[in-house]
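Written out below as structure tokens is the structure these notes cover.
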Amino acid sequence: MAEELGEKTEQPTPKRLSEARRKGQIARSQNLTAAVLLTGSVVLIVIFGQALFGSAAMMMIRIFEPEALGDVSGGNLTSEINFVFHEAVRLMAPLLLLMFFIAIAEQVIQIGWTPSMEKLRPKLSKLNPISGTKKLFSRKSAMKGLIDVLKLALVATVAWVIIYLEYDKIMILPMLTLPGALMGMVEITIKVAIWALIVLFLIGLIDRKYQSWQHNEDLKMTKQEVKDERRSSEGDMETRAKRLRMARDMAFQKMQSAVPNADVVVTNPTHFAVALRYNAETMNAPRVVAKGADYMAMQLRLIATSAGVPIVERKELARALFFGVDVGQEVPAEQYEAVAEILAYVYRLEGRMAS
Numbered sequence: 015m016a017e018e019l020g021e022k023t024e025q026p027t028p029k030r031l032s033e034a035r036r037k038g039q040i041a042r043s044q045n046l047t048a049a050v051l052l053t054g055s056v057v058l059i060v061i062f063g064q065a066l067f068g069s070a071a072m073m074m075i076r077i078f079e080p081e082a083l084g085d086v087s088g089g090n091l092t093s094e095i096n097f098v099f100h101e102a103v104r105l106m107a108p109l110l111l112l113m114f115f116i117a118i119a120e121q122v123i124q125i126g127w128t129p130s131m132e133k134l135r136p137k138l139s140k141l142n143p144i145s146g147t148k149k150l151f152s153r154k155s156a157m158k159g160l161i162d163v164l165k166l167a168l169v170a171t172v173a174w175v176i177i178y179l180e181y182d183k184i185m186i187l188p189m190l191t192l193p194g195a196l197m198g199m200v201e202i203t204i205k206v207a208i209w210a211l212i213v214l215f216l217i218g219l220i221d222r223k224y225q226s227w228q229h230n231e232d233l234k235m236t237k238q239e240v241k242d243e244r245r246s247s248e249g250d251m252e253t254r255a256k257r258l259r260m261a262r263d264m265a266f267q268k269m270q271s272a273v274p275n276a277d278v279v280v281t282n283p284t285h286f287a288v289a290l291r292y293n294a295e296t297m298n299a300p301r302v303v304a305k306g307a308d309y310m311a312m313q314l315r316l317i318a319t320s321a322g323v324p325i326v327e328r329k330e331l332a333r334a335l336f337f338g339v340d341v342g343q344e345v346p347a348e349q350y351e352a353v354a355e356i357l358a359y360v361y362r363l364e365g366r367m368a369s
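The opening residue of the sequence shown carries number 15 in our numbering; numbering runs sequentially from there.
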């Protein structure tokens, strides 16, 4: 029944998973990311909090206390504004930079390194109000909304409990000096953050499992899609094999016509074979007219033997010519001497045979 209705009952194939990953469709939990970033924030505040809030307190004293601020007219006000701006940048820039690296590291750990520009490309389908409405009332959106409400409720409950327990401390904050009040606020904030991140981590881990399951469900395939993909893959492999056969046949045909006209075949002796021809009247240097490796090298040697073309074994030269010179190109200058010795040997051999 499921197959008749075209329901997606089959697990996604490796090809479908790879295509989804290339398009940036990856299971990720934003709630887990939020928990990690909050953890990073708390750790950084604990490490740098005293220095950070001490500097912030001094800056606020300079701003709000008249005797510290002094004359606020003219250039002095501009100087104070510049001071506050640069001090704020000095305090916040390192923390923001560390948070940026924490966010990148969290994403790499959660989903791996998967750079993709697909999500950033403009698509008219994203402006379709019907599609947007369907997404708004989908099961995925409902689950996301439920998790957000649950997260907000739990974090609010945690914050309320801690504030209730710390009520006496909160009430005396206005009576403290500015640095003391700031440190008291930081202490309470850290307590709220620690308990909140515990809650967020639990929600994030649950959400990560759910997102993985949902991602797998979204990528499931019908039986027909699996059959079509398998047929397409087999067709692609058959097409590639056919092209390779055609290329090999064409190379063999060219070899059959070129090798009989060669002056010599230089071999490795078994892995590589290179056919050379030289005509002093029409060529500046000997030219490679055919070459082959392994099976094609064997065929080249057979053609040369049947055509009476001399075969000379020179391992290093054969490798250098095979990898360094294309068919139709002349031998490079650094190999003139070695090739000239072989051609001289072949010409002498042919002269003795003729005599």
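All C-beta atoms, glycine included, are put in the ideal place defined by N, C-alpha and C. Just so it is clear, the structure is predicted and the values come from calculations on it, not from any experiment.
Problem set entry | Three-state secondary structure assigned by DSSP to MET312 | helix
Exercise. Since GLN335 contacts VAL280 with CB under 8 Å, what's their CB separation in whole angstroms?
Worked result: The sequence given here places Leu at residue 335; Gln does not occur at that position. That belief holds up - the Cβ atoms of LEU335 and VAL280 are roughly 6 Å apart, short of 8 Å.
Exercise. Given that a residue counts as buried once 16 or more other Cβ atoms are within 10 Å of its Cβ, and exposed if not, what is ILE317?
Worked result: buried
Exercise. Can you tell me the Cα-Cα spacing of ALA358 and TYR350, whole angstroms?
Worked result: 12 Å
For this session: Please go through the segment 163-210 and give each complete alpha helix (DSSP H) segment of 4 or more residues, from N-terminal end onward.
Result: 181-186
Exercise. Counting Cβ pairs, one atom from each stretch, are 3 or more of them under 8 Å apart for the segment 104-123 and the segment 53-60?
Worked result: yes
Problem set entry | Neighbourhood of GLU18 by C-beta, 6 Å cutoff - its chain only, sequence neighbours within 5 removed | Caution applies to GLU18, whose pLDDT of 47 falls short of 50 and renders its modelled position unreliable; the value that the coordinates give is listed next. Taken in chain order, the list of residues that qualify is empty.
Problem set entry | According to DSSP, residues forming a beta bridge with MET7 | No information on residue 7 is available, as it lies outside the stretch 15 to 369 that the chain covers here.
Exercise. Quick one, which of VAL213, VAL353, ARG291, PRO324 has its alpha-carbon nearest GLY365's?
Worked result: PRO324
Problem set entry | Inter-residue spacing [alpha-carbon to alpha-carbon] between SER32 and ARG42 | 16 Å
Exercise. CB-CB under 8 Å to PRO26, same chain, minus the five flanking residues each way: which ones, in chain order?
Worked result: ALA34, ASN230, LEU233, LYS234, MET235
For this session: Pick helix, strand or coil for THR236, following the three-state DSSP scheme.
Result: coil
Exercise. Do LYS22 and GLU243 have their CB atoms nearer than 9 Å?
Worked result: no
Exercise. How far does the beta strand (DSSP E) with ILE325 in it reach, from first residue to last?
Worked result: 325-327
Exercise. To the nearest angstrom, how far is it from the Cα of TYR361 to the Cα of LEU258?
Worked result: 37 Å
For this session: Give every residue of the same chain whose Cβ lies closer than 8 Å to the Cβ of LEU52, excluding the five residues on either side of it in the sequence, and list them in chain order.
Result: ALA207, ALA210, LEU211, LEU214
For this session: For GLU180, collect the residues of the same chain with a Cβ closer than 6 Å to its Cβ; drop the 5 residues on either side in sequence, then sort them by chain order.
Result: ILE202
Exercise. Would you call the CB atoms of ALA304 and ALA347 closer than 9 Å?
Worked result: no
Problem set entry | Cα-Cα separation, ILE116 to GLU24 | 37 Å
Exercise. Who are PHE286's beta bridge partners in DSSP?
Worked result: ALA307
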